[in-house]
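If you count the sequence shown from 1, position 90 lands on 171 in our numbering, and the numbers rise without skipping. Working notes, beginning with the structure itself.
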Amino acid sequence: MTQLLTEMDGIEDLKGVTILAATNRLDQIDAALLRPGRFDFQIALPCPDTETRLAILRVHTGRMPLGTDVDLAMLAEQPTAGMVGADLEALCRHAGMGAIWETLQNTGVALVVGMRHFKEALMVMKQIPVKRD
Numbered sequence: 082m083t084q085l086l087t088e089m090d091g092i093e094d095l096k097g098v099t100i101l102a103a104t105n106r107l108d109q110i111d112a113a114l115l116r117p118g119r120f121d122f123q124i125a126l127p128c129p130d131t132e133t134r135l136a137i138l139r140v141h142t143g144r145m146p147l148g149t150d151v152d153l154a155m156l157a158e159q160p161t162a163g164m165v166g167a168d169l170e171a172l173c174r175h176a177g178m179g180a181i182w183e184t185l186q187n188t189g190v191a192l193v194v195g196m197r198h199f200k201e202a203l204m205v206m207k208q209i210p211v212k213r214d
């Protein structure tokens, strides 16, 4: 942190240099970074809406062997409200890994990612504290 603040305060003048940063956890950023002369502007981007979450889920499940019980539209509703793209990607990855693990345990069973895998992944992810506005 000290090195970053030193660089930003400009021991040497860096004309024409603009520093951009992004976070989905503004509440975790050290106040020293947000004082005038450092990061002067903040642009808030809201979490994806239901339609956008559905599109993101479709991207991350596009190559998965989904079971007929998987309802991505339902997953895009309330269970994933407040999640960002990285969260949705992790959800799909967790569900896929759960299905792979299950398939490895039961030889001869075809790999299918079912709604149960998504529900289990959601439960695991909800145990990880995430605060978003």
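Note that CB positions come from ideal geometry on N, CA and C, so glycine has one too.
Asked, Found
"Opening and closing residue of the alpha helix (DSSP H) in which Thr131 lies", "131-142"
"DSSP state of Leu126 mapped onto helix, strand, coil", "coil"
"Spatial distance of Pro122 from Ala167 (CA atoms)", "According to the sequence as given, residue 122 is Phe; it is not Pro. Approximately 24 Å, taken between the alpha carbons."
"Expected contact under 8 Å - CB spacing of Arg134 and Met89 to nearest Å", "With a Cβ gap of about 35 Å, Arg134 and Met89 do not count as contacting."
"Leu192 in three-state terms, based on DSSP", "coil"
"Minimum Cβ-Cβ distance from Phe122 to chain B less than 8 Å", "Annotation note: the requested chain B is absent from the structure, which comprises a single protein chain."
"Beta-carbon proximity list for Leu169, same chain, < 7 Å, skipping 5 on both sides", "Arg134, Ile137, Leu138, His141, Thr161"
"Between the CA atoms of Ala180 and Lys200 - distance to the nearest angstrom", "12 Å"
"Where Pro146 falls, given that 16 or more other Cβ within 10 Å makes a residue buried", "exposed"
"Per-residue DSSP class, three states only, for Leu147", "strand"
"Met206 and Ala171 closer than 8 Å at C-beta", "yes"
"Simplified DSSP state of Ala103, which is helix, strand or coil", "coil"
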